[in-house]
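**Q**
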Amino acid sequence: MKTPSSLIEMKRKGEKIAALTAYDYPTAQILSLSGIDVALVGDSLGMVKLGYESTLPVSMEEMIHHVKAVKRGISGPLLVADMPYLSYEIELKEALKNAGRLIKEGGAQAVKIEGGEALVPVVKELLKIHIPVMGHLGLTPQSLNRLGGYKVQGRDLNGAKKILEDAKRLEKAGIFALVLECVPADLAKKITAAVSIPTIGIGAGPFCDGQILVSDDLWGLGEGPALKFVKRYANLREIMTESARRYSQEVRKGVFPASEHSFSSKG
Ligand code: KIV
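For the sequence shown, the numbering used here assigns the number 193 to the initial residue and increments by one for each residue that follows.
#1: Look up residue 328 in the DSSP assignment and say whether it is helix, strand or coil.
#2: According to DSSP, which residues form a beta bridge with residue 272?
#3: May I ask you to report which of helix, strand or coil DSSP gives residue 371?
#4: Go to residue 403, then tell me how far its beta strand (DSSP E) extends in each direction, as first and last residue.
#5: Does DSSP put residue 213 in a helix, a strand or coil?
#6: Distance check for residue 306 and residue 238, CA to CA, integer angstroms please.
#7: Taking DSSP as the reference, what is the three-state secondary structure of residue 247?
#8: Among the candidates 262, 273, 364 and 310, whose CA atom is the shortest distance from the CA of residue 386?
#9: Could you tell me how far apart the beta carbons of residue 250 and residue 276 are, in whole angstroms, since I believe they sit closer than 8 Å?
#10: Would you mind sorting residue 328 into buried or exposed? The rule is 16 or more other CB atoms within 10 Å of its CB.
#11: Is it buried or exposed for residue 415, if we count other Cβ within 10 angstroms and need 16 for buried?
#12: Among 264, 313 and 417, whose alpha-carbon lies nearest the alpha-carbon of residue 233?
#13: From the DSSP output, in three-state form, read off residue 227 for me.
#14: State whether the segment 286-305 contacts the segment 343-353, with contact taken as three or more CB pairs (one from each stretch) at a distance under 8 Å.
#15: Going by Cα to Cα distance, which pick from 334, 366 and 379 is closest to residue 356?
#16: For residue 220 versus residue 272, is the C-beta spacing smaller than 9 Å?
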């Protein structure tokens, strides 16, 4: 079973970390069979599974519901749960209680929070109650309204400097890994060299210690074209739509169920 320290050890040995999101029991089983190191129950849950326009409406109850489902299917990957918007930013006590629920009720091994230096006290307090913390810098979707959209971050000198400084501050506070989302590849390379905890990139180029994708993007489950940083390894949306269409046609024509799908009486 992967742990926060085994990820740090992987960086030390120069082994790349493969992470994916998971939101349910079958996906957790598939990730466990696929050599994935980290399963993140991301608050992307809200957009890819619950149909929200952003991650902002995701609640603690929704997160816990899905973390529990993933926990039942996971065996091997480190299980990390996102703390949803407003579950950790307002009061330290609330942050501790909510993170504790993701661990105690959900069964997560660690939590992830989005943001820089303002979160240093949160990281330190969570560590005091034995909750490992993953950081998240660059494009932080919970700051969507302040950022003015889903834009690449750290392209200018000041922006890049701030992200690098935040990475160092969070490392010092005690995070065990850092997600870098949508930052230039050269900045991700610089941060990766500057910290001894693993960086896990999404839209951050090839120089991070690991990579993460939203599993629905990798499997081609969502609608519309893939984002620039996504590689689609399958087109499940097409396969699922086509198979549901064939099923509905066969039901209408009386082709399904056939005799091999039917039970006979005993006598
Ligand atoms: O919510 C999420 O899925 C994430 C990953 C994209 C890193 O935060």
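Where is the CB? At the ideal position from N, CA and C, for every residue including glycine.
**A** The relevant details are as follows:
#1: Strand, per DSSP.
#2: Under DSSP, residue 272 shares a beta bridge with 232 and 302.
#3: DSSP places residue 371 in strand when its eight states are reduced to three.
#4: First-last of the beta strand (DSSP E) with residue 403: 402-405.
#5: If DSSP states are grouped into helix, strand and coil, residue 213 belongs with the strands.
#6: C-alpha separation (whole angstroms): 16 Å.
#7: In the structure shown, residue 247 sits in coil (DSSP, three-state: anything other than H, G, I, E or B).
#8: Answer by Cα proximity: 364.
#9: By a beta-carbon distance limit of 8 Å, residue 250 contacts residue 276. Their separation comes to about 4 Å.
#10: Buried, by the Cβ-count rule.
#11: Exposed.
#12: Nearest Cα to residue 233 within the set 264, 313 and 417: 264.
#13: Collapsing the DSSP output to three states places residue 227 in coil.
#14: Judged by Cβ distances under 8 Å, the segment 286-305 makes no contact with the segment 343-353, as fewer than three pairs qualify.
#15: It is 379.
#16: No.
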